[in-house]
Structure formats: C-alpha cells, structure tokens
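S.K.: Chains as they are written, first to last, in this note's numbering: chain A, 186 to 336; chain B, 186 to 336.
Built from N, CA and C at the ideal position, the CB exists for glycine as well.
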DNA sequence: ATGATAATGGAAACCATTTTCACTATAGAG
DNA sequence: CTCTATAGTGAAAATGGTTTCCATTATCAT
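1. State yes or no: is the beta carbon of residue 264(A) nearer than 8 angstroms to at least one beta carbon in chain B?
2. Which residues in the same chain as residue 273(A) place their Cβ atom closer than 6 angstroms to its Cβ, once the five residues preceding and following it in sequence are excluded?
3. For residue 267(B) and chain A, any beta-carbon pair shorter than 8 angstroms?
4. Any chance you could list the beta strand (DSSP E) runs of at least 3 consecutive residues sitting entirely within the region 283 to 326 of chain B, in chain order?
5. For the region 305 to 319 of chain B, which residues have a beta carbon sitting closer than 8 angstroms to at least one beta carbon of chain A?
6. How big is the Cα-Cα spacing for residue 309(B) and residue 316(B)?
7. When Cβ atoms are compared, which residues of the region 246 to 257 of chain B fall closer than 9 angstroms to chain A?
8. Using 8 angstroms as the cut-off, can you tell me whether the region 219 to 232 of chain B makes contact with the region 262 to 281 of chain B, which would need three or more C-beta pairs spanning the two stretches below that distance?
9. Can you tell which of 328(B), 210(B), 331(B) and 289(B) has the C-alpha that lies nearest to the C-alpha of residue 234(B)?
10. Give me the residue from 326(A), 214(A) and 293(A) with the minimum Cα distance to residue 249(A).
11. In chain A, what lies closer than 8 angstroms to residue 327(B) by C-beta?
12. Give the C-beta separation of residue 327(A) and residue 292(B) to the nearest angstrom, bearing in mind that I take them to be a contact with Cβ-Cβ under 8 angstroms.
13. How about residue 325(A) and residue 252(A): do their beta carbons lie closer than 8 angstroms?
14. Per the DSSP calculation, residue 222(B) is bridged to which residue(s)?
15. For chain A, is any of its Cβ atoms less than 8 angstroms away from the one on residue 287(B)?
16. Determine the closest residue to residue 217(B) out of 270(B), 297(B), 296(B) and 305(B), with distance taken between C-alpha atoms.
17. Considering only DSSP beta bridges, list what residue 257(B) is partnered with.
18. My output table needs one value for residue 231(B): the three-state DSSP class, helix, strand or coil.
19. Cβ of residue 336(B) less than 8 angstroms from any chain A Cβ?
20. Is residue 291(A) close to chain B, meaning its C-beta is less than 8 angstroms from at least one C-beta of that chain?
21. Can you name the residues of chain B whose CB is closer than 7 angstroms to the CB of residue 261(A)?
22. If we define contact as Cβ-Cβ less than 8 angstroms, is residue 190(A) a contact residue for chain B?
23. Check whether the Cβ of residue 219(B) lies closer than 8 angstroms to any Cβ atom in chain A.
24. Where does the unbroken alpha helix (DSSP H) through residue 334(A) begin, and where does it stop?
25. Just list the residues that DSSP pairs residue 328(B) with in beta bridges.
26. Consult DSSP for residue 150(A) and reduce its assignment to one of helix, strand or coil.
27. Express the C-alpha separation of residue 283(B) and residue 333(B) in angstroms, rounding to a whole number.
28. Note down the Cα distance separating residue 323(B) from residue 206(A), rounded to an integer number of angstroms.
29. Leaving aside the five residues before and after residue 329(A) along the sequence, list all residues of the same chain whose C-beta is less than 7 angstroms from its C-beta, in chain order.
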C-alpha cells in the first residue's frame, strides 16, 4: 500500500491505469495549495522526468477532471487552473477571492453556514422552477488585494 | 436626442466617440437577452455593414467593458460572452444557471433576499479578514437541463 | 510469448484573441 | 473653412493555450 495506492484504486475504478506520468501529475497537485496551470505542472514534472511531455499533461488533466479527481477552473486570462477536488484532498469546501489587478487567488472557507442557507434555498428553487438537476455551484468575489492597493 | 444619444453621452464621458461600428455593436447587445460572443456580434453587425471587421468588434468590446457598459463572462469552452451591465439595461441583478451538457445559460433573479444576506456577510467578512476591497461577485449553478435529461 | 489495447511524445493543427501597420475619419485650433 | 493632431479602423500576421494526429511504446489478459 504505497503512495500511489489510493490513486491507483480511484483510476482503476474508471478503467484507467496509474502510470508514472499520472502519478507525477497527481503528486504535484497533492503537494500544493495553489491553483496550478497545465504549464506549471509541466515545469515541475518535466524537471524530474524530462520524458513526460506537455501533451500528456493535458490529456491526464482532462482524464482526472472527467473522473472527478480534480476540478478545472477558468478564471479568465487564458490559462485554466486545476486543483484536487474536495473529496480528494484535505481541503474544506471553499470559494475564491480574486484580485483583479494581480490575479492572486485566495481560497476562503468562512461563512459556510450563511452560504449553505442561500445555496440550499436557491438550488431547490432553481431545480423546481427550471427543472434542472443541479450538482455544483461556484462563487467568486472580485476586488483589489491590499498589496495592489498600496503598491 | 436620437437612439445613440445615451451611449454617446456615456462614451463621451470617457473620452471616446460613438462611431457607427460602436453603435451597431451596442444595438446588438441592447436587442438581445442572450449572452453573445464576439463572433455572434460580428455576424449580425457584418450582415448589415460588411465594412466592419472582427478586430473592431474585439476592440470595441474591450472598450465597453473598461467603461463598465458591458460585462464579460468566461463560462469556459473557449469563447467569452458579453452582456450589457445591469446599470445599462433593464435587467435585474441576476446570476447564471448553466447546463453542463448543452451549455445553455439561464439568467435567474430569484432568491435576491437570501443572496443579499449571504453576499453582504461574506463580503464584509472577507474585506476585513483579507483586507481586499471587494466590488463584484459571481455565482454560477451547474447541472443538467430538462431537455438534456430526457434527450 | 503474443496479440489487443491503453498510453505516450513530438509535431502540427486549431482557434479565439491580440498586435501590427498603414490608412481614414473627425474634432478642434487657427 | 482648412489644417493638423489624434482617434478609430480593417486586413493580415502573430500569439498562445490547448487539441489533434500519428507513429511508437508499455501493459494487461490469454
């Protein structure tokens, strides 16, 4: 029951193998709290194992997203960012606070109670009114961070 | 005080002119409730006035976004979508309900009270804790629309 | 071992958007 | 009214993140 055991199980459940490339990518995602881009991952992975190419990074990220192991965020400005999904990390349910100037992204977990109240009410109401089956939501706050205000 | 008067005033306030191209683009945005892409706008505008190029569409959209006349949304999947900002249309404050399959986007305005309560609490708390100046927020719900469920 | 299938890397393609550059329209000075 | 500085424009080229193609390699079931 080594380091990759858990991921191996997860992927096998979807009919995929845990290859060296996939494990390396999952390692990068597991060992950061940042929101990393495909290129970020490529840089790190490639430094250790130059045989792993950018194509594989993209392919793997899509696969991991499909299987629900990671989440993809498009914050705008071109590059998508990825992070382990809540079920697959020790992260709590969180949303994002984004600086419009430097594009810094802060995860916040506060206000869960008020959020739950609103989300639940809205979700139930929307499901009824529009007959959607809702399974996800996303909340962003935008503003200027203290560094950008003074800088 | 013709049709473009209001926009003329708005743009002049920022030191810009209301040109034929800009008016055509604003007309498209004013006369739809959809979230339109640069290409959508180009098609419509270009049909009437083939001299207006795609470059101008992009340039104008950026200008209109900077001046707060329109909002840009990146729902993912490549192309940005635009709509008149709340202050510049008859739209109420709304958020988005998105079908993951067909990518249909529904604006909803319900649950404003519960939303306000949550947003206000979160915004105030986040401003204090992270010292951000927050001026905007975005809420998306994701799910499957009734057509995609049965289809 | 072997044959079928999954996974891979590099190069090329893709495609929305941005940049470049030479040209045109316009407002404001004189 | 004319001139001139500047704003606005279009076509074509460039950009850059992501995807596709294709030939090759690794791995699983038999």
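M.R.: In this structure, then:
1. The residue you call residue 264(A) lines up with position 79 of the first chain. Cβ-Cβ to chain B under 8 angstroms: no for residue 264(A).
2. The count along the first chain starts at 1 and reaches residue 273(A) at position 88. So the list reads 254, once near-sequence residues are dropped.
3. Position 82 of the second chain, counted from the start, is the residue given in the question as residue 267(B). Chain A, which has no Cβ nearer than 8 angstroms to the Cβ of residue 267(B), makes this no.
4. 290 to 293
5. 306, 307, 308, 310, 311, 312, 314, 315, 316, 317, 318 and 319
6. Counting from 1 along the second chain, the entry for residue 309(B) is found at position 124. Counting from 1 along the second chain, the entry for residue 316(B) is found at position 131. Computed Cα separation, rounded: 10 angstroms.
7. 257
8. yes
9. Within the second chain, residue 234(B) is the residue found at index 49, counting from 1. When only C-alpha atoms are compared, the closest one is 210(B).
10. As a position in the first chain, residue 249(A) is number 64, starting the count at 1. Minimum Cα distance to residue 249(A) is reached at 214(A).
11. As a working note, residue 327(B) is residue 142 in the second chain. By Cβ distance, chain A contributes 319, 320, 321, 322 and 323.
12. In the first chain, the residue the question calls residue 327(A) occupies position 142. In the second chain, the residue the question calls residue 292(B) occupies position 107. Not a contact, Cβ separation roughly 19 angstroms.
13. As a first step, residue 325(A) is located in the first chain; it is residue number 140 there, counting from the start. As a first step, residue 252(A) is located in the first chain; it is residue number 67 there, counting from the start. Contact: no.
14. Locating residue 222(B) in the second chain gives position 37, where the first residue counts as 1. According to DSSP, residue 222(B) bridges with 266(B).
15. Along the second chain, read from residue 1 onward, the residue named residue 287(B) stands at position 102. No - not a single Cβ of chain A is within 8 angstroms of the one on residue 287(B).
16. Counting from one through the second chain, the residue named residue 217(B) turns up at place 32. Of the listed residues, the one whose Cα sits closest to residue 217(B) is 270(B).
17. Sequence index remark: in the second chain, residue 257(B) carries index 72 (1-based). Its beta-bridge partners are 267(B).
18. The residue given as residue 231(B) occupies position 46 in the second chain. Correct three-state label for residue 231(B): helix.
19. Here the question's residue 336(B) lines up with position 151 in the second chain. No - not a single Cβ of chain A is within 8 angstroms of the one on residue 336(B).
20. Position 106 of the first chain, counting from 1, holds the residue named residue 291(A). Cβ-Cβ to chain B under 8 angstroms: yes for residue 291(A).
21. The sequence position of residue 261(A) within the first chain is 76, counting from 1. In chain order: 259.
22. The sequence position of residue 190(A) within the first chain is 5, counting from 1. Cβ-Cβ to chain B under 8 angstroms: no for residue 190(A).
23. Taking the second chain and counting its residues from 1, one reaches residue 219(B) at position 34. Not an interface residue.
24. By 1-based counting over the first chain, the position of residue 334(A) is 149. Run containing residue 334(A): 331 to 335, per the alpha helix (DSSP H) assignment.
25. Numbered from 1 along the second chain, position 143 holds the residue referred to as residue 328(B). 319(A) and 284(B).
26. It is not possible to answer for residue 150(A), since the shown part of chain A is limited to 186 through 336.
27. Position 148 of the second chain, counted from the start, is the residue given in the question as residue 333(B). Position 98 of the second chain, counted from the start, is the residue given in the question as residue 283(B). Rounded to the nearest angstrom, the two C-alpha atoms are 12 angstroms apart.
28. Here residue 323(B) refers to the residue found at position 138 when the second chain is read from its first residue. Here residue 206(A) refers to the residue found at position 21 when the first chain is read from its first residue. Each residue's Cα considered, the two are about 35 angstroms apart.
29. Locating residue 329(A) in the first chain gives position 144, where the first residue counts as 1. If we look at residue 329(A) and ignore the five residues flanking it on each side, its Cβ neighbours are 284, 285 and 286.
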